[in-house]
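Participant: Taken in sequence, the protein lines are chains A and B. Just so we're aligned: the first sequence equals residues 322 to 468 in the working numbering. Just so we're aligned: the second sequence equals residues 322 to 468 in the working numbering. Think of the CB as a built atom: it goes at the ideal place given N, C-alpha and C, for glycine as much as any other residue. Sharing a structure, written as structure tokens. Questions coming.
There are 2 protein chains.
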Amino acid sequence: MSVRKERLDAICGIIQTEVICNQEELLKRLETKGFTITQATLSRDIKQLKIARMHDGNDNYVYRLPDPSLQASHSTERPKIHPNIEFSGNLIVIKTRPGYAMGIASDIDSNAPHEILATIAGDDTILVIPREGYKRENIAEAIARFI
Amino acid sequence: MSVRKERLDAICGIIQTEVICNQEELLKRLETKGFTITQATLSRDIKQLKIARMHDGNDNYVYRLPDPSLQASHSTERPKIHPNIEFSGNLIVIKTRPGYAMGIASDIDSNAPHEILATIAGDDTILVIPREGYKRENIAEAIARFI
DNA sequence: CCTACAATTGCATATTTATTCAAATACAAA
DNA sequence: TTTGTATTTGAATAAATATGCAATTGTAGG
């Protein structure tokens, strides 16, 4: 495992177990774990991990991982299976076995990653409407996690 | 309703229907809706609404309303719930409470303003297909009249 | 009306985060 | 090994966001 990957993992760990308000603070915590980097590098790491700085409602900020499903994508490599998904313009159509469409659509909805805005299902067809701003590749990956 | 509340509402609406990358951009959109403020004030509004700037995975940022589940945990007060309308390409998706989608879709259909060509409803999701040639803003307004 | 207090705002600036660019490092192929 | 290419990084800086403070506006109670 490369140093960088280890560091990204460490960042995830810290974010999940401690209240981190800014990057300087996170830098210090990383230092105690043996990772000495600059704010510039940390900023890039945070971007790659899709970590966001959120308002905590009092008067502070907290860094958080956005969504458990997105979080897994960097460390856990999974085989790329592309089921019967096909794009048309900004829409995606998924063909299922008869009767399965609503069930699968419901699965997608309930764990909906941010890439997916909504689904509408018939009997063996699901129409998936992605949010704007995502690439087809990312959307397909997101969907593939449920199939 | 105070001007400020109206503005907060407008911000929620914009955030949910458009891809906003930074506060300057949001300032401009607010200006077109008649709210002229400075970045300082917008920053405060965003803080109050607990809106967060997230990485979108490509190379940009998006402002998003917080995850409702996180919201509940440390705050008694929630921002006003704006009807959940979101655009994706030339389509509009409306999220409703479970079981309400068909009813609302029917309401929209029967009073259909010219902006709206058709609707398709599932259980808690309505897909709205607008006529060509209308601006998002006008379509959103037309739909808002039914919610 | 006035007065006192709270809420809201803009300006200027502080703070925080992102990015440019060049250097360093890792990696693969020969 | 050496060469060529891609990745990672820090220093400096740009860009974006937050905030202290004073001025303004709103608001309730006389």
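Taking its Cβ as the centre, do 16 or more other Cβ atoms sit within 10 Å of Gly378 (chain B), making it buried, or is it exposed?
Facilitator: Against the second sequence, residue 378 (chain B) aligns to sequence position 57. Per the 10 Å Cβ criterion, buried.
Participant: Residues of chain A with CB closer than 9 angstroms to the CB of Gly410 (chain B), please, in chain order.
Facilitator: Position 89 of the second sequence holds residue 410 (chain B). Going along chain A in sequence order, the residues near Gly410 (chain B) (Cβ under 9 angstroms) are Gly410, Asn411, Leu412, Ile450, Pro451 and Glu453.
Participant: Output the distance between the C-alpha atoms of Ala461 (chain B) and Ile358 (chain A), rounded to the nearest integer angstrom.
Facilitator: Locating residue 461 (chain B) in the second sequence gives position 140, where the first residue counts as 1. Locating residue 358 (chain A) in the first sequence gives position 37, where the first residue counts as 1. So the alpha carbons of these two residues sit roughly 47 angstroms apart.
Participant: Can you tell me where the beta strand (DSSP E) with Arg385 (chain A) in it begins and where it stops?
Facilitator: Locating residue 385 (chain A) in the first sequence gives position 64, where the first residue counts as 1. Start and end: Tyr382 to Arg385.
Participant: Could you check whether the region 323-337 of chain A touches the region 347-354 of chain A, counting it as contact only if at least three pairs of C-beta atoms, one from each stretch, sit closer than 8 angstroms?
Facilitator: Taking 8 angstroms as the limit for Cβ pairs, the verdict is that the region 347-354 of chain A does touch the region 323-337 of chain A.
Participant: Between the alpha carbons of Lys401 (chain A) and Arg466 (chain B), how many angstroms are there, rounded?
Facilitator: In the first sequence, residue 401 (chain A) corresponds to position 80, counting from 1. In the second sequence, residue 466 (chain B) corresponds to position 145, counting from 1. Reliability fails at Lys401 (chain A), whose pLDDT of 36 lies under 50, so the model's placement of it is uncertain and the value that follows must be treated cautiously. C-alpha separation (whole angstroms): 44 angstroms.
Participant: Could you check if Arg385 (chain A) is buried or exposed, using at least 16 other CB atoms within 10 Å of its CB as the buried criterion?
Facilitator: Here residue 385 (chain A) refers to the residue found at position 64 when the first sequence is read from its first residue. Its Cβ being crowded by 16 or more others within 10 Å, Arg385 (chain A) is buried.
Participant: Against chain B, does Asn459 (chain A) count as a neighbour if the rule is that its beta carbon must be under 9 angstroms from one of theirs?
Facilitator: The sequence position of residue 459 (chain A) within the first sequence is 138, counting from 1. True, the Cβ-Cβ gap to chain B drops below 9 angstroms.
Participant: Using a Cβ-Cβ cut-off of 6 angstroms (strictly less than) and excluding sequence neighbours within five positions of Ala442 (chain A), which residues of its own chain qualify?
Facilitator: If you number the first sequence from 1, residue 442 (chain A) lands on position 121. Closer than 6 angstroms at Cβ, skipping near neighbours: Ala422, Met423 and Ala426.
Participant: Would you call Val449 (chain A) buried or exposed, if buried means 16 or more other Cβ atoms sit within 10 Å of its Cβ?
Facilitator: Along the first sequence, read from residue 1 onward, the residue named residue 449 (chain A) stands at position 128. It counts as buried.
Participant: For the region 324-335 of chain A, enumerate the residues whose C-beta is nearer than 8 angstroms to any C-beta of chain B, in chain order.
Facilitator: Answer in chain order: no residues at all.
Participant: Anything in chain A within Cβ reach of Arg374 (chain B), meaning under 8 angstroms, just list it in chain order.
Facilitator: Within the second sequence, the letter at position 53 stands for residue 374 (chain B). The contacting residues are Ala373 and Arg374.
Participant: For the putative contact between Thr446 (chain A) and Lys416 (chain A), defined by C-beta atoms under 8 angstroms, what is the C-beta separation to the nearest angstrom?
Facilitator: Along the first sequence, read from residue 1 onward, the residue named residue 446 (chain A) stands at position 125. Along the first sequence, read from residue 1 onward, the residue named residue 416 (chain A) stands at position 95. Sure, about 6 angstroms apart at Cβ, within 8 angstroms.
Participant: If I measure Cβ to Cβ from Asp374 (chain A) and keep anything under 7 angstroms in the same chain, skipping five residues before and after, which residues do I get?
Facilitator: In the first sequence, the residue the question calls residue 374 (chain A) occupies position 53. What sits at residue 374 (chain A) in the sequence shown is Arg, not Asp. Once the five neighbours on either side are set aside, the close Cβ partners of Arg374 (chain A) are Tyr382 and Tyr384.
Participant: Taking DSSP as the reference, what is the three-state secondary structure of Glu453 (chain B)?
Facilitator: As a working mapping, residue 453 (chain B) is identified with position 132 in the second sequence. Coil at Glu453 (chain B), not helix or strand.
Participant: Which bits of chain B does Pro387 (chain A) rub up against, with CB to CB less than 9 angstroms?
Facilitator: Counting from 1 along the first sequence, the entry for residue 387 (chain A) is found at position 66. Those are Ala373, Met375, His376, Arg385 and Asp388, listed as they occur along chain B.
Participant: Identify whether Val324 (chain B) lies in helix, strand or coil by the three-state DSSP scheme.
Facilitator: Reading the second sequence from its first residue, position 3 is the one you call residue 324 (chain B). The answer is helix: DSSP assigns Val324 (chain B) an H, G or I state.
Participant: For Ile441 (chain B), which residues in chain A fall below 9 angstroms Cβ to Cβ?
Facilitator: What you label residue 441 (chain B) is simply residue 120 of the second sequence in a count that begins at 1. Near Ile441 (chain B) (Cβ distances below 9 angstroms), the residues of chain A are Ile441 and Leu448.
Participant: Using a Cβ-Cβ distance under 9 angstroms, would Asp428 (chain A) count as near chain B?
Facilitator: Residue 428 (chain A) sits at position 107 when you count from the first residue of the first sequence. Answer no: the Cβ-Cβ gap between Asp428 (chain A) and chain B never drops below 9 angstroms.
Participant: What whole-angstrom Cβ distance do Ser364 (chain A) and Gln337 (chain A) have, given they're in contact under 8 angstroms?
Facilitator: Here the question's residue 364 (chain A) lines up with position 43 in the first sequence. Here the question's residue 337 (chain A) lines up with position 16 in the first sequence. Actually they do not touch by this definition, with Cβ atoms about 19 angstroms apart.
Participant: Quickly, what does DSSP pair Val414 (chain B) with across the bridge? List them, please.
Facilitator: In the second sequence, residue 414 (chain B) corresponds to position 93, counting from 1. Paired residues: B:Glu407 and B:Leu448.
Participant: Which same chain residues end up closer than 7 angstroms to Asp444 (chain B) when comparing Cβ atoms and leaving out the 5 residues on each side of it in sequence?
Facilitator: In the second sequence, residue 444 (chain B) corresponds to position 123, counting from 1. Hits under 7 angstroms: Pro419, Gly420 and Ala422.
Participant: Roughly how many angstroms separate the alpha carbons of Gln369 (chain B) and Ala361 (chain B), rounded to a whole number?
Facilitator: Within the second sequence, residue 369 (chain B) is the residue found at index 48, counting from 1. Within the second sequence, residue 361 (chain B) is the residue found at index 40, counting from 1. Taking the straight line from one Cα to the other gives about 13 angstroms.
Participant: Quick one: using the 10 Å Cβ neighbour count with 16 as the cut-off for buried, is Asn411 (chain B) buried or exposed?
Facilitator: On the second sequence, residue 411 (chain B) is found 90 positions in, with the first residue counted as 1. Asn411 (chain B) is exposed by the Cβ-count criterion.
Participant: For Ala373 (chain A), write down the residues that DSSP places opposite it in a beta bridge.
Facilitator: Here residue 373 (chain A) corresponds to residue number 52 of the first sequence, with the count starting at 1. Note: Ala373 (chain A) sits in a beta bridge opposite A:Arg385.
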